[in-house]
Amino acid sequence: MLTLYQRMTTGQFLRLVAVIEVLIAIENALSLRLLFRALRPADPWLRGDRSPACAAQAWRTLVELPVEYLRRGRRNPLLISAVPFDVYASLDLGLSWWSGVILLAGSAVVLLYGVALRYFLMELSMRPVIERISQDLPDDFAIGRPAVPLRLKLLTAVPALNIVTGVVVAGLSTNGTATLSDLGVDVVVAVLVSLTTAFYLTLLLTRSILGPIHDLRAATQRVAQGDLSVRVPVVSADETGLLAQSFNAAVAGLQEREALREAFGSYVDPEVAEKVLRDGAVLEGDEVDVTVLFLDIRDFTAFAERASAREVVALLNGLWERVIPILTRHGGHANKLIGDGLLAVFGAPMRLEDHADRAVDAALEIAAQVREAYGQRLRVGIGVNSGRVVAGTIGGGGKLDFTVIGDAVNTAARVEAQTRVTGDDVLITDAVWERLRRPHGEWAERPSSELRGKREPVRLWAPARTSEREEGRWAPAIGSSSAVRAAPTPPSG
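Start counting the sequence shown at 114; every next residue gets the next number (my numbering).
Right, here's the structure in full:
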């Protein structure tokens with residue numbers, strides 16, 4: 114650019130080129146040293162440590178590297194390149210001090226362009242490495258506040274380009290008659306134009322680009338908060354418009370899948386639904402220790418015969434509205450709704466160490482809720498049993514069902530049927546009793562029963578009635594004698 118405003122011989126031109134190349138080499142060497150220092154926080158990741166903490170540190174280091182370089186070496190281009198070159202050029206070309214000042218202003222314009230160019234080249238060169246680092250970042254990684262916002266990049270890079278372009282065009286349009294005094298005028302004019310007309314156009318361009326981006330950012334924050342009804346206005350037919358359209362399509366897909374998920378969770382227990390969505394439709398059978406709760410409505414057949422279909426459905430829905438939340442609150446899930454019966458499982462698919470305690474708590478609360486809500490109009494029998502079962506999906510032909518299979522399930526159903534004999538609302542087996550870890554009030558043993566399909570009689574326990582607590586014996590209607598005892602206390606230590 115200097116040759117456009119100052120006559121010089123070939124020898125002077127070559128000497129100036131040699132001097133500036135040496136100065137640039139020195140400045141680049143110092144810049145590399147600064148870059149290596151700025152890269153030190155990323156060394157652990159570069160050496161193979163792919164932990165989330167090291168990845169986050171490396172990501173921030175490389176993303177902020179251009180800004181950090183400018184912060185540490187902002188004086189180097191001026192002090193190492195521009196000032197020494199201007200001094201040498203002034204001496205070699207025999208310039209006055211005023212011409213030297215103008216030359217320094219012209220050099221500042223070139224440096225401004227060079228700094229902007231170096232910044233964006235560093236960003237582009239770091240991008241492949243940053244993309245690789247981002248694969249190791251944790252999902253909850255927060256980017257934080259940008260070091261250089263996009264608005265600032267546009268408002269500085271575009272005017273800088275306009276200033277350099279204006280000075281060069283002004284020099285080329287003089288047909289070789291321009292002087293260093295003209296260079297000073299051209300620099301002032303180019304700066305004024307960039308800070309007025311060109312800056313206003315740049316500001317409009319910035320708003321045109323950043324407006325849709327801000328809309329997208331606000332919309333993504335609402336989606337992160339769970340609002341899938343948000344949509345971004347498509348205000349242009351360029352890339353930002355296509356991006357907004359793609360965002361709206363993606364959110365619409367998420368909204369549709371969430372609706373399916375909610376509907377799926379209404380027909381399938383939420384725990385099972387989550388496991389199916391996470392692990393796939395086919396859940397391989399696992400042998401696990403669980404507690405099974407079987408509930409049945411007493412005298413339901415007679416009620417169904419004299420009531421209308423709407424009354425029957427209303428009764429069942431009202432009952433399950435009370436029962437199922439209790440099961441869920443205690444960590445169980447309603448595995449099957451069979452008309453007037455319900456099969457609940459504690460310990461599958463989510464493993465629970467205290468599944469027996471949870472099932473007993475749920476059974477007692479359900480019995481109390483039913484008595485309070487319905488009195489003598491409706492009674493339920495609840496049988497609770499623990500044991501090993503196979504939990505998984507069964508079915509075929511496009512129909513799958515998560516269920517538990519095993520003798521423990523059959524025994525729970527038989528125990529529930531025994532409540533009609535003993536007159537209790539809740540009966541638990543000795544297998545449940547042995548697994549209890551905390552007290553659940555006083556219990557009375559009922560006569561051992563020979564359940565259908567069982568070779569040996571099964572010991573049964575029921576919550577002690579008031580008369581049993583007072584007299585310390587079985588109710589007379591049972592026809593046997595046994596002591597009332599409290600549920601076991603959890604082991605100490």
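For every residue, glycine included, the Cβ atom is placed at its ideal position computed from N, Cα and C.
Predicted model, so just to flag it, every value in this text is computed and none were measured.
- Close CB contacts of residue 417 within its chain, under the 6 Å cut and outside five residues either way in sequence, are with 425 (chain order).
- One thing to note: residue 410 has its Cβ within 9 Å of the Cβ of residue 454.
- Going by DSSP, residue 413 is part of the alpha helix (DSSP H) stretching over 413-419.
- Linking residue 468 to residue 501 through their CA atoms gives a straight-line distance of about 12 Å.
- Between the segment 185-199 and the segment 255-267 there are fewer than three inter-stretch CB-CB distances shorter than 8 Å, so the stretches are not counted as touching.
- Excluding five sequence positions before and after residue 336, the CB atoms of its chain that fall closer than 8 Å to its own CB belong to 343, 364, 367, given in chain order.
- In the three-state reduction of the DSSP assignment, residue 328 falls in the helix class.
- Around the beta carbon of residue 434, fewer than 16 other beta carbons sit within 10 angstroms, so the residue counts as exposed.
- Counting of Cβ neighbours within 10 angstroms places residue 414 among the exposed residues, the total staying below 16.
- Remark: fewer than three beta-carbon pairs, one from each stretch, lie closer than 8 Å, so the segment 515-527 and the segment 474-489 are not flagged as touching.
- Counting only the Cα atoms, residue 166 lies some 21 Å from residue 149.
- Between residue 525 and the set 316, 546, 541, the nearest pair of CA atoms involves 541.
- Shown here, residue 134 sits in a helix according to DSSP, grouped into three states.
- DSSP, read as helix, strand or coil, puts residue 160 in coil.
- By the criterion of at least three beta-carbon pairs nearer than 8 Å, the segment 314-326 is in contact with the segment 344-363.
- Between residue 133 and residue 198, the gap from beta carbon to beta carbon is short of 9 Å.
- Using a Cβ distance threshold of 9 Å, residue 332 and residue 345 count as a contacting pair.
- In the three-state reduction of the DSSP assignment, residue 458 falls in the strand class, which pools E and B.
- DSSP places residue 245 in the helix class (H, G or I) of the three-state scheme.
- In this structure, residue 486 sits away from residue 535, with a CB-CB distance that is not shorter than 9 Å.
- For residue 561, the three-state secondary structure derived from DSSP is strand.
- For residue 407 against residue 465, the beta-carbon gap comes to about 18 Å, at or over 8 Å, which does not count as contact.
- The C-alpha of residue 496 lies about 40 Å from the C-alpha of residue 369.
- The Cβ atoms of residue 498 and residue 458 lie no closer than 9 Å to each other.
- Assigned with DSSP and collapsed to three states, residue 408 falls in strand.
- Under DSSP, residue 575 takes part in a beta bridge, and its partners are 557.
- When secondary structure is reduced to three states using DSSP, residue 470 falls in the helix class.
- Counting along the chain, no alpha helix (DSSP H) covers residue 541; the unbroken beta strand (DSSP E) around it starts and ends at 539-542.
- Less than 9 Å separates the beta-carbon of residue 399 from that of residue 461.
- Residue pairing by DSSP puts residue 501 in a beta bridge opposite 402.
- Between residue 470 and residue 355, the C-beta spacing is not below 9 Å.
- Its chain contains no residue whose beta carbon lies nearer than 7 Å to that of residue 123 once the 5 sequence neighbours on both sides are disregarded.
- Comparing alpha-carbon positions, the option among 175, 448, 401 lying closest to residue 515 turns out to be 448.
- Taken through DSSP and simplified to helix, strand or coil, residue 256 comes out as coil.
- By the neighbour-count criterion, in which 16 or more other beta carbons inside 10 Å mark a residue as buried, residue 436 falls on the buried side.
- In its chain, beyond the 5 residues on either side, 172, 175, 176 have a beta carbon closer than 8 Å to the beta carbon of residue 243.
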